[in-house]
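Just so you know, we're using the working numbering here: the sequence shown kicks off at 543 and counts up by one.
The C-beta atom is built at its ideal place from N, Cα and C for all residues, glycine as well.
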Amino acid sequence: MNDAAPNAAPQTFYLKDYKPFGYEVESVKLTFQLSPNATKVHSAIRFTPKADAEDNRFFLHGEQLSLISAKIDGTPVTARLVDGGLECDVPRTSFLWEAEVEIDPAANTALEGLYMSNGMYCTQCEAEGFRKITYYPDRPDVMSTFTVRIEGDEPVMLSNGNPTGAGEGWAEWHDPWPKPAYLFALVAGDLVNHPGSFTTKSGKDVELNIWVRPGDEGKCAFGMEALKKSMKWDEDVYGLEYDLDLFNIVAVDDFNMGAMENKGLNIFNSSCVLASPETSTDANFERIEAIIAHEYFHNWTGNRITCRDWFQLCLKEGLTVFRDAQFTADMRSEPVKRIDDVITLRARQFPEDNGPLAHPPRPEEFQEINNFYTATVYEKGAEVIGMLKRLVGDDNYYKALKLYFERHDGQACTIEDWLKVFEDATGRDLSQFKLWYSQAGTPRVKVTEDYADGTYTLTFEQSTPPTPGQPDKAPRVIPVAVGLLSPNGGEVRGTEVLELTEAKQSFTFGGLASKPVPSILREFSAPVILERETTNSERAFLLAHDTDPFNRWEAGNALAKEVRVAMVLDGAAPDAAYLDALEKLVRDDEQDPAFRALVLSPPSQSDIAQTLHERGHTPDPQKIYDAAETFTQTLAQQLETSLPRLYAATTVEGPYVPDADGAGKRALNGRILSLLTRLDGGEQAARQYASADNMTQQYAALAALMKAEKGETQSKAFFEQWQDDRLVMDKWFALQIACAAPETTAATAKELTQHPLFSMKNPNRFRAVMGALAGNHAGFHHASGAGYQLLAENLIALDSVNPQTTARMCAAFQTWKRYDSERQAQIQAELERILATSGLSRDTHEMVSRMLSA
Ligand code: BES
Ligand code: ZN
């Protein structure tokens, strides 16, 4: 059986229809008899009707379950199986519901509910997966304590909370903290643990474990340290302590997402926890540290305080992303983290917010909630919290958070509850600010300036283009951090936060000796598109002199975009002044290497396409690619004489340490190597490849060689060396497609789908290939349409295996309206082909129809 819905009229759920569940769930006891194809789940659940329970009938969610028996207070009852669950007549007083169901974990390739991965049992219940385990009110506002008994012959059998007993063939667990079903977890298999411990600030000893398959023990130490740092940081910064005696993390190879915050038993995609210098890059290490922190931080922002319904998802995800970003900024470099996040926001959230899939951070309707774990809910959700913090100030922010934890601990909350806490803690009226949660679309903020008699005026006009279902937008509260620089470089006014609230608004600054150079939207103080007419020389000035590191980078980034846009539109040569500015910065050893690496990383080709589109041009992916190539080649030539020295100066010697300093240097070194490889025929890269003792340098060398079409030998060697390491092989698959020229990208990807190690069942591997295809801008959008076709074919094939991952990857088509009519017609045909597939999942159906209808 699969959960494919008929292609017509899937059900839509609305925020406005929220109704509380009519029963309290006093306790849940589950017994699992594990068997790959026929696991039996017995549930014993005590329900008490609430005073206002409507009638004596209740509905429990359930999908893909074979009901064996149902009883109420020990007496067999007949339940009516209905769409999505069952209905049953029940007493008007407290009663014990018991059900036995059978499920088939081995056949569960959707990886939602109870499934098997490499012989190990594993669960994923968020958002609505628990209903594939047993009949239950599977909604986040129903919270209860869980007792779990696992029967089976697996050496390790884990669930949430604390172990309460174990013997030959069984283990029992009890979680004392009431939780919604989406936080339930069970893991059973042949696992080994990497142990650790943490003492909380109130003196409680917590046992920590990272559980992995035998052979992976050596890749746990970094994750364990990250966990301890996270626990300490949450105590120090938010005053939040861990609340159980045990915290388990499990690594699993087949997982739809990155990781999951199940109470006391976090489950991780192995790519997001396993790390070693030989197999993981600096970027991997940073991501692992961040995601371990993220899932740990959910213990308070998500688990102790959860969401009333899934429309409130950003209540936990936006806040937890914001918290993990604060953590990474504290552990590493604050400006570098901010720049990285803004790059991601622009690459992932802006296209969403400005295309057919646009939705507010708190959506008001959905068909499939899994489709709303989006960049908007996560990244824009986090930006909204950053704005709130900026508006109320740090002290008020932490005061409000303290009130949030005091007032709402143990509850399932809404965005209204969240904002009320801020209103009560600060006395501020947040009704206009709330528009950030309900309005989709990225505001455009147009700035003009005026200077006369020592007074400088900045005028801001805000507007937000229409988005699907939201034609008109009201002005929002936008915090704009501004500083003023003197024309010879010093700061004449430090950063202050201007609060835009109207469609058009001016701010004046008096007592100035000369016309200042403004530095606007410092730290990227709001997720908006800033429009300001300015010159490249002013941008170059800010790149050299801005006292706000984010805006220094931003000036360089804007300059890079202008130069590239001019190259694409007018066939202009790369701007000489810009090349000079870059050269100066790269050669300046006083500057932070990580910052130099960022400035040396050109804006993505997709970013240039988006910029052209915003300015009313139709982007030509091939021209954008050619401009990028010309630019990089010219830059390499300009730097020719300094590259060997720079390469030597930025090479990190000694044992590999995955810290921010080393990572910054290696990032710069990698950029230099890629430039050098364009000139030296790959000699230096080949030497680096041969001598590298860590993946960051090995991978950087391989990437540089492959990009220059000089990496055939090394690619083969890489395969030979790493063919038994799944995570490294994902890199090998992705890199070949990422480095392919536009006309060969689709063919390269297609060939890799025929490789014996390619698999539809492993989301990491599928994403490595299809994600790299979609990420190679000029290759994916090649005029032949081969890229579109290949992705569509593979999405169609994946849909019956794994709807959730299919639906997420459909978003690769979301920018389709940017391009010319031929490409639009090709994409439209592919989308229609997907939509016409018989038995298409609800997940994919919703995504594709939204993209087609806008
Ligand atoms: N709760 C989510 C995981 C999740 C998402 C489960 C969607 C089911 C459906 C988890 O906390 C999360 O947000 N994970 C992110 C990584 C994080 C660092 C933003 C992920 O998995 O990508
Ligand atoms: Zn999360």
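- Residues close to the ligand ZN by the beta carbon criterion (under 6 angstroms to any non-hydrogen atom) are, from first to last along the chain, His836, His840, Glu859, Thr862.
- No heavy atom of the ligand BES is found nearer than 6 angstroms to the CB of Met658.
- In the DSSP annotation of this structure, Thr1193 is not part of any alpha helix (DSSP H), being labelled neither H nor E.
- In the DSSP assignment, Trp719 falls within the unbroken beta strand (DSSP E) covering 712 to 721.
- One alpha carbon belongs to Glu1104, the other to Tyr1120, and they sit about 10 angstroms apart.
- Distances between the C-beta of Gly800 and the heavy atoms of the ligand BES include at least one below 6 angstroms.
- For the pair Trp978 and Leu857, the CB atoms are not nearer than the 7 angstroms cut-off.
- Distances from the CA of Arg1392 to each of Ser1143, Trp1358, Glu710 were compared; the closest alpha carbon is that of Trp1358.
- Restricting attention to alpha helix (DSSP H) runs no shorter than 4 residues, the stretch 1027 to 1086 encloses none.
- For the set Arg1268, Thr1192, Gln1175, the Cα lying nearest the Cα of Asp1222 is the one of Gln1175.
- A distance below 7 angstroms between beta-carbons, with the five flanking residues on each side excluded, links Ser875 to the following residues of its chain, in chain order: Ala1136, Ala1202.
- Put simply, the stretch 596 to 604 touches the stretch 617 to 627. At least three CB pairs are less than 8 angstroms apart.
- Look at Ile833: its beta carbon is less than 6 angstroms from one of the heavy atoms in the ligand BES.
- Bridge partners of Tyr724 according to DSSP: none are assigned.
- Per DSSP, Asn735 is not a residue of any alpha helix (DSSP H); the beta strand (DSSP E) it occupies stretches across 734 to 741.
- In the displayed model, Gly928 falls within a helix according to three-state DSSP.
- Taking C-beta atoms as the reference points, Ala727 and Asn702 count as a pair closer than 7 angstroms.
- The beta carbons of Thr1379 and Ala1349 sit no closer together than 7 angstroms.
- Using a 10 angstroms sphere on the CB of Asn1099, the tally of other CB atoms reaches 16 or more, which defines it as buried.
- Counting every other CB atom within 10 Å of its CB across the protein chains shown gives Gln974 a total below 16, marking it as exposed.
- Between Cys762 and Thr823, the alpha-carbon positions lie close to 15 angstroms from each other.
- As the crow flies, the alpha-carbon of Leu1210 is around 12 angstroms from that of Asp1130.
- In this structure, the C-beta of Glu668 approaches the ligand BES to less than 6 angstroms from one of its heavy atoms.
- Check the Cα spacing between Pro1060 and each of Gly1317, Leu1127, Gly1327, Arg1074: the tightest is with Arg1074.
- Between the ligand BES and the CB of Tyr915, the shortest heavy atom gap is smaller than 6 angstroms.
- Asp851 has its alpha-carbon roughly 20 angstroms from the corresponding atom of Gln1346.
- When the five nearest sequence neighbours on each side are left out, the beta carbons in the same chain lying within less than 7 angstroms of the beta carbon of Ser744 are those of Glu783, in order along the chain.
- Just so you know, the alpha carbons of Ala1115 and Thr1077 end up roughly 18 angstroms apart.
- Bridge pairing for Lys582: Gln575, Glu644 [DSSP].
- In terms of side-chain proximity, the C-beta atom of Glu803 is found nearer than 6 angstroms to a non-hydrogen atom of the ligand BES.
- With fewer than 16 other Cβ atoms inside 10 Å of its own Cβ, Asp971 counts as exposed.
- The shortest C-alpha to C-alpha distance from Val863 to any of Arg986, Arg681, Trp712, Gly928 is the one to Gly928.
- In the DSSP assignment, Trp1264 falls within the unbroken alpha helix (DSSP H) covering 1254 to 1264.
- In the displayed model, Lys1015 falls within coil according to three-state DSSP, outside both helix and strand.
- If you draw a 10 Å sphere on the C-beta of Pro1161, you find 16 or more other C-beta atoms in it, and that means buried.
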